[in-house]
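>
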Amino acid sequence: MRLILDEEQTGLGDSVRALLADHCPPQRVREVMADDGEGIDRRLWTQLATLGMTGLLVPEASGGAGAGHVERCVVLAELGAALAPVPYLSSAVLATDTVAALGDDSLAEELLPGIAAGQQTAAVAVAGTGGRWGSAADSVQAARDGGHWRLAGEAAFVVDGPSADHVLVYADHGWFLADGGAVSWRPSRTLDPTRRMARAEFAGTSARRVPCGDPAGVLEAVWHRAAVALAAEQLGGMRRVLADTVEYAKARVQFGRPIGSQQAVKHACADLYASCEQAEAVLWHAAWTADHDPAALPEAAALAQVVLGPAAFDTAAAGLQLHGGIGYTWEHDAHLYYKRAKTSELLLGTPADHRARLADALCL
Numbered sequence: 001m002r003l004i005l006d007e008e009q010t011g012l013g014d015s016v017r018a019l020l021a022d023h024c025p026p027q028r029v030r031e032v033m034a035d036d037g038e039g040i041d042r043r044l045w046t047q048l049a050t051l052g053m054t055g056l057l058v059p060e061a062s063g064g065a066g067a068g069h070v071e072r073c074v075v076l077a078e079l080g081a082a083l084a085p086v087p088y089l090s091s092a093v094l095a096t097d098t099v100a101a102l103g104d105d106s107l108a109e110e111l112l113p114g115i116a117a118g119q120q121t122a123a124v125a126v127a128g129t130g131g132r133w134g135s136a137a138d139s140v141q142a143a144r145d146g147g148h149w150r151l152a153g154e155a156a157f158v159v160d161g162p163s164a165d166h167v168l169v170y171a172d173h174g175w176f177l178a179d180g181g182a183v184s185w186r187p188s189r190t191l192d193p194t195r196r197m198a199r200a201e202f203a204g205t206s207a208r209r210v211p212c213g214d215p216a217g218v219l220e221a222v223w224h225r226a227a228v229a230l231a232a233e234q235l236g237g238m239r240r241v242l243a244d245t246v247e248y249a250k251a252r253v254q255f256g257r258p259i260g261s262q263q264a265v266k267h268a269c270a271d272l273y274a275s276c277e278q279a280e281a282v283l284w285h286a287a288w289t290a291d292h293d294p295a296a297l298p299e300a301a302a303l304a305q306v307v308l309g310p311a312a313f314d315t316a317a318a319g320l321q322l323h324g325g326i327g328y329t330w331e332h333d334a335h336l337y338y339k340r341a342k343t344s345e346l347l348l349g350t351p352a353d354h355r356a357r358l359a360d361a362l363c364l
């Protein structure tokens with residue numbers, strides 16, 4: 001098992017970091033955040049696609065890079081550090097992994113080349129009106145209408161739903177593909193202004209049923225991979241908060257000395273560093289497991305969310321506090337990382353849900 005990135009993986013992270021530094025500074029994030037439109041930076045998405053980042057896990061035969069989860073997590077960590085407003089989690093992770101788990105060749109041929117090229121995006125609707133993962137199976141019904149299927153009901157908290165060209169829906173305990181433009185979208189007001197979510201409203205929406213022998217098994221497989229990917233995003237946010245907080249502690253002078261020289265601040269920063277190091281080991285273990293030991297992924301993925309979710313939020317909260325009064329202002333970015341950390345902690349379930357998953361994986 002490798003818990004340290006090799007030279008090529010490190011170089012991948014450096015390339016994405018440089019791109020984001022040039023094209024996704026904090027001011028750009030705020031511009032997209034304040035826009036009443038779809039809430040994504042199309043130009044940045046195209047640039048990521050040009051570098052081959054949007055199809056890392058897409059097979060080469062479908063126009064992707066055929067890379068692994070470790071490489072994708074390297075990219076996600078950089079995107080999380082920058083709060084990049086792109087549909088990476090929705091399209092390059094959730095939708096791509098759902099297509100892979102479904103194993104339908106015609107669906108893969110239809111969706112993956114466009115996703116890999118950055119020309120199309122896709123979203124996944126699996127949460128019902130209560131917000132729990134997989135509960136859309138009960139809140140969205142599917143019925144035959146001649147030779148077609150039609151969907152009725154609602155799915156909640158669909159990441160980047162309104163901007164998606166295609167929507168994969170877990171409805172009536174089966175999987176369906178709907179045209180994103182045929183779905184009625186109602187924006188969801190969430191704590192995090194940097195990631196758009198919406199409620200999908202289906203009112204006789206035409207859809208195509210995707211052949212699948214084990215729909216619930218596909219749902220679980222997607223959760224495991226998404227948990228690892230989200231953990232990478234969370235680690236990126238932790239790294240940025242740590243770096244910004246340490247830099248501020250060095251520069252902020254109070255009572256004639258940098259606040260970083262105070263023992264309490266030193267210890268707090270040391271705790272943040274230790275938390276980041278632990279989280280990093282857990283993440284790379286999970287990513288390596290996804291690539292090399294899929295049978296052990298349920299345990300590793302659950303562990304990633306058990307550790308990274310609370311750790312990312314605690315880090316963001318501590319960073320906010322250590323910045324003092326300036327950290328609580330709208331103009332400072334500390335609150336954006338705090339809000340992203342809290343919504344990400346709950347995106348795939350509650351911390352209690354993740355602990356229950358880990359206990360089940362360990363047969364406890």
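Residue numbers (UniProt numbering): 1 to 364.
Backbone N, C-alpha and C fix where the C-beta goes; we use that ideal spot for every residue, glycine too.
Here the structure is a predicted model, which is why all the values come from computation and not from measurement.
1) In whole angstroms, what is the alpha-carbon distance linking Glu233 and Arg209?
2) Give me the residue from Ala281, Ala249, Ala300 with the minimum Cα distance to His267.
3) What does the Cβ neighbour count give for Tyr328, buried or exposed, with the cut at 16 atoms within 10 Å?
4) Could you give the distance in angstroms between the alpha-carbon of Leu191 and the alpha-carbon of Ala352?
5) With Met33 as the anchor, note down where its alpha helix (DSSP H) starts and where it stops.
6) Looking at Val222 and Thr98, is the spacing between their C-beta atoms short of 8 Å?
7) Please state the DSSP three-state secondary structure of Leu83.
8) Within its chain, find whatever has a CB closer than 7 Å to the CB of Arg2; leave out the 5 residues flanking it on each side and keep chain order.
9) Which value, in whole angstroms, describes the spacing of the CA atoms of Ala207 and Asp179?
10) Could you say which of Gly39, Gly181, Pro215 lies nearest to Ala200 if we only look at CA atoms?
11) CB Leu88 to CB Val241, shorter than 8 Å?
12) Hey, quick one: how far does the alpha helix (DSSP H) through Ala108 stretch, first residue to last?
13) Where does Gln262 fall in DSSP's three states?
14) To the nearest angstrom, how far is it from the Cα of Glu31 to the Cα of Ala81?
15) How far does the beta strand (DSSP E) with Ser206 in it reach, from first residue to last?
16) Pull the bridge partners of Trp175 from the DSSP assignment, please.
17) Below 8 Å, can you find three or more Cβ-Cβ pairs linking the stretch 152-159 to the stretch 127-137?
18) Is DSSP giving Gln141 helix, strand or coil here?
19) Do you know offhand how far Leu348's Cα is from Ser261's?
20) CB Glu71 to CB Ser163, shorter than 8 Å?
21) Buried or exposed for Val253, please, with buried defined as at least 16 other CB atoms from any protein chain shown within 10 angstroms of its CB.
22) Write down the C-beta distance between Pro211 and His173 rounded to the nearest angstrom, noting that I regard them as a contact closer than 8 Å.
23) In terms of residue numbering, what span does the beta strand (DSSP E) encompassing Arg186 cover?
24) Do you know offhand how far Ala317's Cα is from Arg355's?
25) Find out if the Cβ-Cβ distance for the pair Ala101, Val218 is shorter than 8 Å.
26) Tell me the start and end of each unbroken alpha helix (DSSP H) in the stretch 120-165 that is at least 4 residues and wholly inside, in chain order.
27) For a quick check, are the C-beta atoms of Gly118 and Thr194 less than 8 Å apart?
28) Decide if Ala274 is buried, meaning its Cβ has at least 16 other Cβ atoms within 10 Å, or exposed.
29) Just the Cα atoms here: how many angstroms apart are His332 and Asp41?
30) Going by the beta-carbon positions, is the gap between Leu358 and Ala302 smaller than 8 Å?
31) Using the C-alpha atoms, what's the distance from Glu345 back to Gly161?
32) Taking just the CA atoms, how far does Ala123 sit from Val158?
Once the coordinates are examined:
1) Each residue's Cα considered, the two are about 32 Å apart.
2) Ala249
3) exposed
4) 20 Å
5) 26-34
6) yes
7) coil
8) Trp288
9) Straight-line Cα distance between these residues: approximately 7 Å.
10) Measuring C-alpha to C-alpha distances from Ala200 to each of Gly39, Gly181, Pro215 identifies Gly181 as the nearest.
11) Residue 88 is actually Tyr in this sequence, not Leu. Contact: no.
12) 105-117
13) coil
14) 17 Å
15) 197-209
16) Tyr170
17) yes
18) strand
19) 39 Å
20) no
21) Result: exposed.
22) Incorrect: roughly 14 Å between the Cβ atoms, too far for contact.
23) The continuous beta strand (DSSP E) containing Arg186 extends over residues 184-187.
24) 22 Å
25) yes
26) 136-139
27) Cβ atoms of Gly118 and Thr194: not closer than 8 Å.
28) exposed
29) 21 Å
30) yes
31) One C-alpha to the other measures close to 20 Å.
32) 7 Å
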